[in-house]
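Q: Quick note, our numbering runs 25 ahead of the 1-based positions in the sequence shown. Even for Gly, the Cβ is constructed at its ideal location relative to N, Cα and C.
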Amino acid sequence: MSTDNDNQTALALDDVGDNAIEAKETEGLSQGKIVFRKFLRHKGAMISIGVFAFVALFAFSSVGFGPIPGWWIYNHTASGAIVNPGGAPTWSFSNFFSLGDHPFGQDNIGRDNFARVMKGTQISIIVMIIIGLVCLVIGTVVGALAGYYRGWIDSLLMRVTDGFIILPVIVIGSILGKLVGGASGPLLGLALGAILWTGLARLVRGDFMSLREREFVDSARVAGASDFRIMFKHMLPNAMGVIIVNTTLVMSQAIVLEAALSYLGFGISPPGISLGQLISEYQTSFATRPWLFWWPGLFIIVIALCVNFIGDGLRDAFDPRMKTIPSWRKMKKAERMTQKGAK
């Protein structure tokens, strides 16, 4: 008898935990608010946002950005006297918080590695964001037009997309990087974004081909709405999940691609600076000054992982099949409700 009651309670808990509690919490909420709540409960995404925000804030505030000065005393281009033998890092925690003179060490001519890594992080983040925005715009427009109109427009746009897909990204990226990159991070971001939009375009096309058969599209068409209004006012909001999630994935790939091109000498080049360019510049010092090599590599890994985890959180939040896991307190409440109902 006890076993039957336990099984009944377990089944009831599953039902209450997965359906009743979630339905009660989301009752009366819009789809956007439901997605936002689910995203806030994704611990990995929340931690990643915090880490990424800290890294970005630290990078842009420490050495300054544009006309805005930073709080770090050393410039990323200025050389000085080498403090420790071999330019080893110096750490100081006096007065509760102090990074010391050169916490990331110095290179062979006395330049501060902390300032250089922070400046490189700035440029890498800017390139990553520009690539993401360019891919978002081109991929969304191409995919929306192909999926909505179909026919010869779809065939033409998809053949163009196929032509970009077969291009070797590293080779084309190297050529574009050599032509327009140099010391300009934004130009490199625009060039790379122009060849990385193909995956998003195909996904948006598939989503729009499905959405155009929905009743709300027919209603908007009968009401006299233009094609532009139907696509970008009614259909685009329903495809935002696919667009946002895949844009974050492109951005995580973008920072690695930029680092690879800069490492090979086809991306950001001196006097410009990026994390990949720092790794390339200091690879010969790996045996004697390993801190010059490891710090930019660590920041590349951290940024790429953070953007990936944020993308995972967005994917789970937009997926209606992903059930929200109730907290321990809610499970105990559901258990009490079930026991009260059994009596």
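Just to confirm before moving on: does the CB-CB distance between S86 and G75 stay below 7 Å?
A: By 1-based counting over the sequence shown, the position of residue 86 is 61. By 1-based counting over the sequence shown, the position of residue 75 is 50. No, they are not a contact pair.
Q: Closer than 8 Å is the cut-off here; do at least three beta carbon pairs connect the segment 279-288 with the segment 223-237?
A: With a cut-off of 8 Å, the segment 223-237 and the segment 279-288 do not count as touching, because too few Cβ pairs lie within range.
Q: State the Cα-Cα distance for the pair V166 and L261, rounded to the nearest angstrom.
A: What you label residue 166 is simply residue 141 of the sequence shown in a count that begins at 1. What you label residue 261 is simply residue 236 of the sequence shown in a count that begins at 1. Approximately 10 Å, taken between the alpha carbons.
Q: I'd like to know whether the C-beta atoms of W320 and V142 end up nearer to each other than 7 Å.
A: As a first step, residue 320 is located in the sequence shown; it is residue number 295 there, counting from the start. As a first step, residue 142 is located in the sequence shown; it is residue number 117 there, counting from the start. Their beta carbons are under 7 Å apart, which means W320 touches V142 by this criterion.
Q: Three-state secondary structure (DSSP) at D344?
A: The sequence position of residue 344 within the sequence shown is 319, counting from 1. Correct three-state label for D344: coil.
Q: So who's on the other strand from Q147, going by DSSP bridges?
A: By 1-based counting over the sequence shown, the position of residue 147 is 122. Answer is none; Q147 lacks a bridge partner.
Q: Using C-beta distances below 7 Å, list every residue in its chain close to Q308, excluding the 5 sequence neighbours before and after it, in chain order.
A: One-based indexing of the sequence shown puts residue 308 at position 283. So the qualifying residues of the chain are F318.
Q: Apart from the five residues on each side of it in sequence, which residues of its chain come closer than 8 Å, Cβ to Cβ, to D337?
A: Translated into positions along the sequence shown, residue 337 becomes position 312. The residues are H67, G69 and A70.
Q: Answer with buried or exposed for T313, where buried requires no fewer than 16 other C-beta atoms within 10 angstroms of its C-beta.
A: As a working note, residue 313 is residue 288 in the sequence shown. Burial call: exposed.
Q: DSSP on A90, reduced to helix/strand/coil?
A: Here residue 90 refers to the residue found at position 65 when the sequence shown is read from its first residue. Checking the sequence, you will find Phe at residue 90 rather than Ala. It is a strand residue.
Q: Hey, quick one: how far does the alpha helix (DSSP H) through T223 stretch, first residue to last?
A: To locate residue 223, count along the sequence shown from 1; it is residue 198. T223 to L236 is the extent of the alpha helix (DSSP H) around T223.
Q: Does the segment 128-136 touch the segment 187-195, meaning 3 or more C-beta pairs lie closer than 8 Å?
A: These segments do not touch.
Q: By a C-beta neighbour count over all protein chains shown, 10 Å radius and 16 as the cutoff for buried, is G249 buried or exposed?
A: Along the sequence shown, one-based indexing puts residue 249 at 224. Per the 10 Å Cβ criterion, exposed.
Q: Quick one: what does DSSP say D187 is sitting in, helix, strand or coil?
A: Along the sequence shown, one-based indexing puts residue 187 at 162. It is helical.
Q: Which residue's Cα is closest to the Cα of R340: G297, G266, Q302 and W316?
A: Here the question's residue 340 lines up with position 315 in the sequence shown. Here the closest residue by C-alpha is G266.
Q: Report the residue from F291, G89 and R246 whose alpha carbon sits nearest the alpha carbon of S199.
A: Working through the sequence shown from its first residue, we reach residue 199 at position 174. The residue with the shortest Cα to Cα distance from S199 is F291.
Q: Considering only C-alpha positions, which residue in the set S299, H101, Q147 and H259 is nearest to F79?
A: As a working mapping, residue 79 is identified with position 54 in the sequence shown. Residue Q147 is the option with its Cα nearest to F79.
Q: Among all the DSSP beta bridges, which residues are the ones paired with Q302?
A: Taking the sequence shown and counting its residues from 1, the one referred to as residue 302 is at position 277. In DSSP, Q302 forms no bridge with anything.
Q: Can you tell me which of S209, L300 and S305 puts its alpha carbon nearest to the alpha carbon of D149?
A: Translated into the one-based positions of the sequence shown, residue 149 becomes position 124. Looking at the sequence shown, residue 149 is not Asp but Ser. Checking every option, the nearest Cα to that of S149 belongs to L300.
Q: Is it the case that the Cβ atoms of A329 and S251 are separated by a distance below 7 Å?
A: By one-based count along the sequence shown, residue 329 stands at place 304. By one-based count along the sequence shown, residue 251 stands at place 226. The answer is no: Cβ separation not under 7 Å.
Q: For D252, which of helix, strand or coil comes out of DSSP?
A: On the sequence shown, residue 252 is found 227 positions in, with the first residue counted as 1. Of the three classes helix, strand and coil, the one that applies to D252 here is helix, per DSSP.
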